[in-house]
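Asker: In order, the protein sequence lines correspond to chains A and B.
In this text, residue positions in the first sequence follow our numbering: the first is 510, and each later residue adds one.
In this text, residue positions in the second sequence follow our numbering: the first is 510, and each later residue adds one.
2 protein chains.
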Amino acid sequence: MNKPSRIQRENRAAIASAAVREFSARGYHGATIDAIADKAGMSKPNLLYYFPSKEAIYRTVLEQIVEEWLSPLLSLDPDGDPVEELRRYISLKMKMSADRPEASRLFASEILAGAPILRDFLETRLKTLVDDKSAILRSWIADEKLAPIDPVHLIFMIWATTQHYADFEAQIDAVTGGASQQQGFQDQAAQAVLSILLNGIKPRPNA
Amino acid sequence: MNKPSRIQRENRAAIASAAVREFSARGYHGATIDAIADKAGMSKPNLLYYFPSKEAIYRTVLEQIVEEWLSPLLSLDPDGDPVEELRRYISLKMKMSADRPEASRLFASEILAGAPILRDFLETRLKTLVDDKSAILRSWIADEKLAPIDPVHLIFMIWATTQHYADFEAQIDAVTGGASQQQGFQDQAAQAVLSILLNGIKPRPNA
DNA sequence: CAAGATTTTGACCAAATGGTCGAATGTTGG
DNA sequence: CCAACATTCGACCATTTGGTCAAAATCTTG
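1. Do you know offhand how far residue 661 (chain A)'s Cα is from residue 553 (chain B)'s?
2. Can you find a CB in chain A that lies within less than 8 Å of the CB of residue 618 (chain B)?
3. Put residue 540 (chain B) into one of helix, strand or coil per three-state DSSP.
4. Looking at residue 703 (chain B): is its Cβ nearer than 8 Å to the Cβ of residue 599 (chain B)?
5. On the CB-based measure, 16 or more other CB atoms within 10 Å of its CB, does residue 510 (chain A) come out buried or exposed?
6. Where does residue 593 (chain A) land, buried or exposed, given buried means 16+ other C-beta within 10 angstroms?
7. Measure the C-alpha to C-alpha separation of residue 705 (chain A) and residue 567 (chain B) and round it to an integer number of angstroms.
8. Leaving out five residues on either side along the sequence, give the residues of the same chain with a beta carbon under 6 Å from the beta carbon of residue 595 (chain B).
9. Under 8 Å, with one C-beta from each stretch per pair, do the region 642-660 of chain B and the region 684-696 of chain A reach the 3-pair mark?
10. Where do the ends of the alpha helix (DSSP H) carrying residue 569 (chain A) lie?
11. Within 8 Å (strictly less), CB to CB, does residue 598 (chain A) reach chain B?
12. Determine the burial state of residue 550 (chain B): buried for a count of at least 16 other Cβ atoms within 10 Å of its Cβ, exposed for fewer.
13. Have a look at residue 738 (chain A) and residue 630 (chain B) and give me their C-alpha separation to the nearest angstrom.
14. Determine the DSSP secondary structure at residue 606 (chain A), reduced to helix, strand or coil.
15. Are any of the Cβ atoms in chain B nearer than 8 Å to that of residue 603 (chain A)?
16. If you scan the region 636-694 of chain A from start to end, which runs of the alpha helix (DSSP H) of 4 or more residues do you find wholly inside it?
17. Under 8 Å Cβ-Cβ, which residues of chain B neighbour residue 628 (chain A)?
18. For a test of the three-state rule: what should DSSP assign to residue 701 (chain A), helix, strand or coil?
19. Would residue 614 (chain A) and residue 621 (chain B) be called neighbours here (beta carbons separated by less than 8 Å)?
20. Could you check whether the Cβ of residue 537 (chain B) sits closer than 8 Å to any Cβ belonging to chain A?
21. Around the Cβ of residue 657 (chain B), are there at least 16 other Cβ atoms within 10 angstroms (buried) or fewer (exposed)?
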């Protein structure tokens, strides 16, 4: 298994990109190797020359997505200003939703189905990360820099609200008459989410 | 098309219940008529005696779910106290997530896939309903009983946070070590969501 | 440029699956 | 009790689809 050739790099990348689009649009079972190969501009046996099976493609793209997903939370800085750190984190997640909606939907689809492939990752690396960052949030609360809110639920709420704009895009488009593609809409959404969440967690004097 | 017999009522109900479980667990394409028939306790041809096709089953259960989904928002009362009305609405949605997680996941799965079946419903009935309720929220904001937040985004945030507990149950279970089944967890979740959202939208004196 | 390695593909296979059909079985009203 | 009707199901079919294989085409390199 030496260094991959240019052709290998290009084709693997084309397949991964096509697979994310296809899996996110049709789900694991709805996606077909033929369709992915078509989108990647090659024949099915050719695609299977690069990946041994449909599930292998799925695993590969899921792993790539999961790594991206982790990074914003990783960078939550215990020494920063709590509200500013959370503002930055939420903004980053909103941007990811806007920039890579298919990736978000593929991840969502895997979790919806009960996380058959990602369960182990969720129970180990993600759990550890959430435990770590919860401790930071708890210390901020102890210092009365945040309202006393269960940190785990705060993290869930941030995930829920930010990813909603990618995962439920079809619903949002329908309800808003298709506004969600425009730049203005994204800024509006980010502003509303930031406003509610940040106001919701700022320490309240009389409580 | 006379009144259905007892057998018809029972079998149709059994099929619908089995279909919700099967479709929500495996997605539209992953679900098989055989599996639904098994769960409903009958043979595949027998099931197809009650529904003409897989898609017909899917449409039927989706429609039932969508009707349930609408009702809590319908009851938002323009003459009630804004914060109390929203507290009631959010609590209702949290309870639906806890009580019928499969239904929530089936709905989510349809939207994730681009709402091929529900698009029309979303663009007509749901859009109208959201427009109506947005007007109520706007009037509350005008009366300074709520912070000035785009009503549509507030509604999206409520949907996102409440449905997250059903749709991403696998992730929540993994991260919390399986706590989400317990009653205490549900109460905790509801409290956190209510606290952040309600504090997030209460009018702020100096803004 | 030739030989070996890499990449590509048409043809094919086996399993899964949505759906049909006719015969058998059960139910019900007169 | 029986005739008409409703319900159930084993056997079957056609299509889709994940995956294989051997041969052809292309690329790389000494």
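Every residue gets a Cβ at the ideal spot worked out from N, C-alpha and C, and that includes glycine.
All values reported here derive from a predicted model rather than from experimental measurement.
Answerer: On the basis of the supplied data:
1. 44 Å
2. yes
3. coil
4. yes
5. In this prediction, residue 510 (chain A) scores a pLDDT of 46, lower than 50, which makes its location untrustworthy; no coordinate-derived value is stated.
6. exposed
7. 36 Å
8. No residues qualify anywhere along the chain.
9. no
10. 563-583
11. no
12. exposed
13. No answer is possible for residue 738 (chain A): the residues shown for chain A start at 510 and end at 716.
14. Residue 606 (chain A) falls in the helix class under three-state DSSP.
15. no
16. 636-651, 660-676 and 678-685
17. 679 and 683
18. helix
19. Yes, Cβ-Cβ distance for residue 614 (chain A) and residue 621 (chain B) is below 8 Å.
20. Closer than 8 Å: yes.
21. exposed
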